[in-house]
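At position 96 of the sequence shown the residue is numbered 332 (the numbering used here), and the sequence of numbers has no breaks. Cβ coordinates follow ideal geometry from the N, Cα and C atoms, glycine included. On a predicted model such as this, the values are computed, not experimentally measured, just so you know. Everything below concerns the one structure shown next.
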Amino acid sequence: MKATTEKAFEAYIQETMAARGWISGSNQSWDKSRALFPGQVIAFIKDTQAGLWAQMEKLHGRELTGKLIEALVKERNAKGTLHILRHGFKFYGKIFKPAYFKPAHGLVQETLELFSKNQLHATRQVACHPGDSGTVDMVLSLNGIPLATMEIKNPATGQTWKHAVSQYKRDRDPHAPLFQFIRGAVVHFAVDPDEIYMTTRLNKESTFFLPFNRGSAPGEIECGKGNPQHPSGHRTGYFWEDVLERTSFLDIVGNFIFWKPVMKPLMMVRAVAGS
């Protein structure tokens with residue numbers, strides 16, 4: 237299938253992801269000041285931690301939802317998105333889990349059942365700045381918590397990934413909750429049908445993007461020069477068909493993204509493209 241406009245290309249990616257375990261999200265429930273889909277967060281917690289929810293509801297009543305979201309945002313701002321997804325967040329002495337991942341060893345039925353309840357949403361045209369009406373082409377979220385943003389371009393309309401990179405540098409405020417380093421989405425992708433580039437830290441014109449490509453010829457995979465032909469008709473089809481496949485993506489989030497002050501955080505993510 238060949239998508240000939242930017243919006244058609246967005247829709248094609250979203251539809252392809254829907255066949256691989258993603259839900260096509262609605263931006264109506266988006267809280268841009270907190271960079272969350274609060275309803276999805278609460279729905280997941282109620283579904284997976286019903287006993288704990290009931291216990292807290294007896295104490296807080298109708299105020300529980302607001303207080304819980306406030307506690308999540310506070311701890312995410314203090315410790316980061318990956319931390320709360322992997323370790324949960326504290327609320328009145330209890331730990332709430334906003335996601336469940338498969339452990340490397342010792343899988344049990346209960347773990348698999350909780351893992352199966354994770355919900356991945358791909359949401360288009362999401363408002364990204366509290367102070368204006370600008371939107372980012374797509375937000376990828378786990379149980380209501382954003383993990384990635386995508387700016388999607390199509391050469392058929394005269395724009396490529398390079399224009400997406402420029403858009404991130406010029407038009408995206410790195411201080412906006414969605415784009416804050418560590419606290420917001422973990423990674424940002426500049427995408428077109430032929431190439432993909434990524435960064436984990438927006439910093440206006442100083443933003444550094446790395447290729448997330450497989451290499452179009454032997455020996456090129458290390459330097460990410462282009463991509464080979466793909467059955468989808470788009471050279472970057474491996475991204476939404478393979479890398480973003482539900483189980484693969486959750487495994488990456490749970491086990492293969494790390495941040496350490498002494499190393500470039502995006503290096504660990506980049507390695508996935510060539511796998």
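Beta strand (DSSP E) segment containing residue i, residue limits
i      : result
Trp258 : Trp258 to Ser260
Leu378 : Thr371 to Leu378
Lys353 : That residue, Lys353, is in no beta strand (DSSP E); it is neither H nor E in DSSP.
Sheet register partners of residue i (DSSP bridge)
i      : result
Pro447 : Tyr433
Trp441 : Note on residue identity: the sequence assigns Glu, not Trp, to residue 441. Asn439, per the DSSP bridge assignment.
Met386 : Met374 and Phe425
Leu272 : Asp267
Ile381 : Leu378
8 Å Cβ cutoff met for residue i and residue j
i      : j      : result
Phe417 : Ile432 : no
Pro410 : Asn439 : yes
Phe415 : Arg406 : no
Ile259 : Gln355 : yes
Asp430 : Thr393 : no
His365 : Phe273 : no
Thr371 : Ala363 : yes
Asn263 : Arg419 : no
Ser265 : Pro413 : no
Phe245 : Asn390 : yes
Met292 : Lys326 : no
Arg322 : Gly490 : yes
Pro382 : Ala307 : no
Val277 : Ile320 : no
Phe332 : Leu300 : no
Residue i, DSSP secondary structure in three states
i      : result
Ala363 : strand
Ser452 : coil
Asp407 : helix
Ile331 : strand
Phe325 : strand
Ile320 : helix
Ile418 : coil
Phe195 : Past the edges of the chain, shown from 237 to 511, lies residue 195, and the structure says nothing about it.
Arg312 : helix
Tyr336 : coil
Thr396 : coil
Ser468 : coil
Met253 : helix
Gly302 : helix
Pro413 : coil
Val344 : coil
Residue i: first and last residue of the uninterrupted alpha helix (DSSP H) it sits in
i      : result
Arg482 : Arg482 to Asn491
Ala290 : Ala286 to His296
Residue nearest to residue i in terms of C-alpha spacing, selected from the options
i      : options                           : result
Thr435 : Phe444, Lys303 and Gln345         : Phe444
Ala255 : Gln345, Ala286 and Arg482         : Arg482
Thr241 : Val479, Ile388, Gly420 and Val422 : Ile388
Met386 : Tyr404, Ser369 and Gln395         : Tyr404
Ala426 : Glu251, Ser442 and Ser402         : Ser402
Ser352 : Gly367, Thr359, Asp368 and Ala335 : Ala335
Leu350 : Thr359, Arg360 and Pro339         : Pro339
Thr359 : Gln250, Tyr474, Ile493 and Phe492 : Gln250
His424 : Leu348, Gln465, Lys461 and Asp373 : Asp373
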